[in-house]
Amino acid sequence: MDYQQRELRRAAAQAFAESLNKLEQTLCAPEEKPTPEAPTSFSIELEQALADIEQFMQEKEGQN
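Numbering (numbering that gives the first Met the number 0), first residue to last: 0 to 63.
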(Lines of atoms letter the chains of each structure in order from A and count residues from 1; the text may use other names and numbers.)
(Lines give C-alpha, C1' and ligand atoms only; values in the text may rest on other atoms or scores of the structure.)
Protein backbone atom coordinates (compact mmCIF):
# COMPACT_ATOMS: atom_id res chain seq x y z
CA MET A 1 0.00 0.00 0.00
CA ASP A 2 1.47 3.32 -0.91
CA TYR A 3 1.72 6.35 1.34
CA GLN A 4 -1.23 8.20 -0.22
CA GLN A 5 -3.64 5.30 0.37
CA ARG A 6 -2.48 4.93 3.98
CA GLU A 7 -2.96 8.64 4.53
CA LEU A 8 -6.48 8.53 3.06
CA ARG A 9 -7.40 5.55 5.25
CA ARG A 10 -5.97 7.25 8.33
CA ALA A 11 -7.97 10.42 7.64
CA ALA A 12 -11.13 8.38 7.02
CA ALA A 13 -10.62 6.44 10.26
CA GLN A 14 -10.06 9.67 12.18
CA ALA A 15 -13.19 11.27 10.70
CA PHE A 16 -15.19 8.14 11.54
CA ALA A 17 -13.95 8.17 15.14
CA GLU A 18 -14.86 11.85 15.48
CA SER A 19 -18.34 11.14 14.11
CA LEU A 20 -18.79 8.34 16.64
CA ASN A 21 -17.73 10.66 19.45
CA LYS A 22 -20.24 13.31 18.34
CA LEU A 23 -22.97 10.68 18.13
CA GLU A 24 -22.15 9.45 21.62
CA GLN A 25 -22.29 13.00 22.99
CA THR A 26 -25.64 13.59 21.32
CA LEU A 27 -27.15 10.36 22.61
CA CYS A 28 -25.82 10.84 26.14
CA ALA A 29 -26.78 14.51 26.44
CA PRO A 30 -29.65 15.24 28.81
CA GLU A 31 -32.95 15.80 27.07
CA GLU A 32 -34.06 19.39 26.86
CA LYS A 33 -37.61 20.02 27.93
CA PRO A 34 -39.50 22.19 25.48
CA THR A 35 -40.30 25.58 26.88
CA PRO A 36 -43.95 26.49 26.88
CA GLU A 37 -44.78 29.03 24.24
CA ALA A 38 -46.26 32.36 25.15
CA PRO A 39 -50.00 32.40 24.53
CA THR A 40 -50.96 33.87 21.22
CA SER A 41 -53.91 36.18 20.73
CA PHE A 42 -55.73 33.32 19.02
CA SER A 43 -55.27 30.99 22.00
CA ILE A 44 -56.40 33.73 24.40
CA GLU A 45 -59.50 34.39 22.28
CA LEU A 46 -60.20 30.66 22.10
CA GLU A 47 -59.99 30.34 25.89
CA GLN A 48 -62.36 33.30 26.29
CA ALA A 49 -64.81 31.77 23.82
CA LEU A 50 -64.73 28.48 25.72
CA ALA A 51 -65.37 30.29 28.99
CA ASP A 52 -68.32 32.13 27.41
CA ILE A 53 -69.77 28.85 26.12
CA GLU A 54 -69.39 27.21 29.53
CA GLN A 55 -71.09 30.18 31.20
CA PHE A 56 -73.92 30.08 28.67
CA MET A 57 -74.43 26.35 29.21
CA GLN A 58 -74.51 26.78 32.99
CA GLU A 59 -77.06 29.61 32.70
CA LYS A 60 -79.16 27.52 30.30
CA GLU A 61 -79.13 24.56 32.74
CA GLY A 62 -80.16 26.89 35.56
CA GLN A 63 -83.25 28.03 33.62
CA ASN A 64 -84.57 24.47 33.18
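C-beta atoms are modelled at their ideal positions from N, C-alpha and C, and glycine is treated no differently.
Quick one: give me the first and last residue of the alpha helix (DSSP H) that residue i is part of.
i: aspartate 51; result: 40-62
i: alanine 12; result: 2-27
Check whether the Cβ of residue i sits closer than 6 Å to any heavy atom of the ligand FAD, and report yes or no.
i: aspartate 51; result: This structure lacks the ligand FAD; in fact it carries no ligand of any kind.
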